[in-house]
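**Student:** Going by my numbering, the sequence shown opens with residue 8, and the numbers climb by one from there. Using N, Cα and C, we set each Cβ at its ideal position, and we do this for glycine too. Keep in mind the model is a prediction, meaning the values are calculated, not measured.
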Amino acid sequence: MSHDTPAPRTGHVIPWPDRPRDAAAPPSPSETETAAARESAERAQHRQTLWLRESKIIAGSYLVNGVFLAVFALTGTVHWSAAALYVLPGWITCSLACAMIAGGHSLHWNDPAVSDAQSFAGMVICGAGIVLYPEMTFLYVLILFTIFLGATYRMSRIRINLAWFGASVLIGAATLSGHRTLQIPHATAAEQVAAWACFAATLAHCVLLSLINTGHNLLLRQRSQQMADTLAQIERLANFDELTGLPNRRNLLRTLDDEMARSGRGGSPLAVALLDLDHFKAVNDTRGHLVGDHALRTFATAVQTHRRPTDTFGRHGGEEFLLILPDTVIGDARHAVELLRGGVATAEWDTVSPGLRVTFSAGLVAWQPGDTAEKLLSRADHALYGAKHAGRDCLRAG
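1. Buried or exposed, going by whether 16 or more other CB atoms sit within 10 Å of the CB of residue 75?
2. Please look up how many angstroms separate the CB atoms of residue 327 and residue 283, rounded, as I've assumed it's under 8 Å.
3. Can you tell me which of the three DSSP states residue 322 falls into?
4. Would you mind stating whether residue 141 and residue 181 have Cβ atoms separated by less than 8 Å?
5. Would you call residue 212 buried or exposed, if buried means 16 or more other Cβ atoms sit within 10 Å of its Cβ?
6. Which first and last residues belong to the beta strand (DSSP E) in which residue 283 is found?
7. Look at the alpha carbon of residue 249 and the alpha carbon of residue 233, and state the distance between them as a whole number of angstroms.
8. Taking only runs that begin and end inside the stretch 191 to 273, name each unbroken alpha helix (DSSP H) of 4 or more residues, in chain order.
9. Hey, how far is the Cα of residue 277 from the Cα of residue 295?
10. Give me, in chain order, the residues of the same chain whose beta-carbon lies closer than 7 Å to that of residue 320; leave out the 5 immediate sequence neighbours on both sides.
11. What number of angstroms, rounded off, separates the C-alpha of residue 273 from the C-alpha of residue 371?
12. Quick check on this structure: which residue in 381, 285, 335 and 301 has the alpha carbon closest to the alpha carbon of residue 317?
13. For the alpha helix (DSSP H) that residue 90 lies in, which residues bound it at each end?
14. Measure the C-alpha to C-alpha separation of residue 70 and residue 228 and round it to an integer number of angstroms.
15. Tell whether a beta-carbon distance below 8 Å holds between residue 154 and residue 129.
16. Residue 332 to residue 394, Cα distance in whole Å?
17. Less than 8 Å between the beta carbons of residue 134 and residue 103, yes or no?
18. When DSSP labels each residue in this structure, what does residue 380 get in the three-state scheme?
19. Would you kindly report the start and end of the unbroken alpha helix (DSSP H) that includes residue 164?
20. Closest to residue 114 by C-alpha separation, out of 59, 78, 81 and 77, would be which residue?
21. Would you list the one or two residues that DSSP bridges to residue 331?
22. Just tell me which of 119, 221, 193 and 195 has its CA closest to the CA of residue 160.
Below, the structure is given as structure tokens:
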């Protein structure tokens with residue numbers, strides 16, 4: 008607030024500059040909303056593309072594994088229907104998933120990527136294959152390895168544990184009862200080559216899934232870091248003045264409340280001072296707002312350099328600043344403020360603008376039992392008005 012013209016003060020009002028700064032006009036609310044909506048739509052489209060691609064990859068894995076089953080059918084290891092009963096249900100599941108994703112219907116589900124449903128369907132298909140074609144249990148187990156590797160990235164711990172338990176029981180029932188055993192077909196050279204190809208393909212699939220999951224984890228870490236940086240930026244903007252880097256009004260009032268509560272509990276002294284730059288409006292009017300901003304930063308730096316480590320100094324609003332002096336009686340507080348005056352006087356104002364000199368007036372008060380922040384600052388404000396009325400560049404205690 009400006010105190011350049013002594014007049015009765017009725018409240019803490021921070022005036023806008025008399026003329027606008029030389030800066031581009033901020034975007035209108037409609038432009039901001041349009042840009043945000045466009046960005047949100049682009050993110051949604053990107054997610055939908057990724058989900059569709061994952062479903063198509065799953066469909067491709069059904070085809071590859073179906074080919075292996077067909078090869079084993081050619082070697083006489085299993086009936087040809089094993090390939091059909093594996094590929095067709097898998098493709099139907101993937102086609103339904105793609106339709107739900109492409110149509111936007113899955114967006115209303117807890118699993119918009121339909122990954123859990125596809126993983127569960129794959130487990131059921133493999134389970135049915137183990138029951139119907141126990142001689143191919145080894146291949147279905149290999150397929151389950153890849154399904155679980157992908158499912159553990161998305162499914163909840165309870166669901167994945169239940170799925171693991173069910174698959175283990177099914178495999179055990181199919182291989183540990185009667186004459187059925189978990190064997191790898193190896194009676195002929197064709198079976199041995201086909202079995203080797205299954206292991207090689209499964210290993211490649213596991214490596215691919217691991218790379219995909221690693222990429223997802225890296226992306227999640229990057230997004231988490233970006234979110235943490237954004238939250239830190241929001242926290243900084245909420246508590247510190249953007250121009251000077253000092254604690255802002257909100258931060259200062261919170262600190263003041265804490266110090267008053269501490270003084271109320273322990274009876275320790277507390278003083279506060281309102282500092283207002285003299286004739287600052289004239290600096291903005293004659294030298295420009297850029298010089299005014301530089302002057303505010305220089306003033307803040309000078310005070311921060313010369314204040315006591317135990318004191319809190321921040322921007323209260325406009326060209327007005329608040330100094331909180333805990334554990335300080337009024338006499339010591341007066342001395343501390345005058346030391347700041349000396350630091351401000353020796354600042355390099357010529358680097359801000361040739362011939363510029365900046366002084367400040369101060370209103371100093373001591374906290375009294377029963378004072379609220381509003382009452383305390385009101386008394387400091389009246390003391391500051393007294394300093395302005397006395398000719399500025401001085402301190403008055405209230």
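**Tutor:** This is what the structure holds:
1. Taking the sequence shown and counting its residues from 1, the one referred to as residue 75 is at position 68. That one is buried.
2. Here the question's residue 327 lines up with position 320 in the sequence shown. Here the question's residue 283 lines up with position 276 in the sequence shown. The Cβ separation is near 5 Å, so the contact holds.
3. By 1-based counting over the sequence shown, the position of residue 322 is 315. In the structure shown, residue 322 sits in a strand (DSSP, three-state: E or B).
4. Start at 1 with the first residue of the sequence shown, and residue 141 comes out as number 134. Start at 1 with the first residue of the sequence shown, and residue 181 comes out as number 174. Closer than 8 Å, so yes.
5. Counting from 1 along the sequence shown, the entry for residue 212 is found at position 205. Buried.
6. Numbered from its first residue, the sequence shown carries residue 283 at position 276. Counting along the chain, the beta strand (DSSP E) containing residue 283 begins and ends at 277 to 284.
7. Start at 1 with the first residue of the sequence shown, and residue 249 comes out as number 242. Start at 1 with the first residue of the sequence shown, and residue 233 comes out as number 226. Whole-angstrom Cα-Cα distance: 20 Å.
8. 196 to 246 and 256 to 273
9. Counted from its first residue, the sequence shown places residue 277 at position 270. Counted from its first residue, the sequence shown places residue 295 at position 288. Going by the C-alpha atoms only, they are around 38 Å apart.
10. By one-based count along the sequence shown, residue 320 stands at place 313. So the list reads 253, 310, 311, 314, 328 and 330, once near-sequence residues are dropped.
11. By 1-based counting over the sequence shown, the position of residue 273 is 266. By 1-based counting over the sequence shown, the position of residue 371 is 364. Cα-Cα distance, rounded: 22 Å.
12. Against the sequence shown, residue 317 aligns to sequence position 310. Residue 317 has its Cα closest to that of 335, out of 381, 285, 335 and 301.
13. Numbered from its first residue, the sequence shown carries residue 90 at position 83. First-last of the alpha helix (DSSP H) with residue 90: 88 to 109.
14. Numbered from its first residue, the sequence shown carries residue 70 at position 63. Numbered from its first residue, the sequence shown carries residue 228 at position 221. For residue 70 and residue 228, the distance between alpha carbons rounds to 34 Å.
15. For this step, residue 154 is matched to residue 147 along the sequence shown. For this step, residue 129 is matched to residue 122 along the sequence shown. Yes, these two residues count as a Cβ contact at 8 Å.
16. On the sequence shown, residue 332 is found 325 positions in, with the first residue counted as 1. On the sequence shown, residue 394 is found 387 positions in, with the first residue counted as 1. Taking the straight line joining both Cα atoms gives about 19 Å.
17. Position 127 of the sequence shown, counted from the start, is the residue given in the question as residue 134. Position 96 of the sequence shown, counted from the start, is the residue given in the question as residue 103. Not a contact, by the Cβ cut-off of 8 Å.
18. For this step, residue 380 is matched to residue 373 along the sequence shown. Reduced to three states, the DSSP call for residue 380 is helix.
19. As a first step, residue 164 is located in the sequence shown; it is residue number 157 there, counting from the start. Taken as a continuous stretch (DSSP letters only), the alpha helix (DSSP H) holding residue 164 covers 164 to 182.
20. Translated into positions along the sequence shown, residue 114 becomes position 107. Answer by Cα proximity: 59.
21. Working through the sequence shown from its first residue, we reach residue 331 at position 324. DSSP output for residue 331 lists 279 and 319 as bridge partner(s).
22. Here residue 160 refers to the residue found at position 153 when the sequence shown is read from its first residue. Cα-wise, what sits closest to residue 160 is 221.
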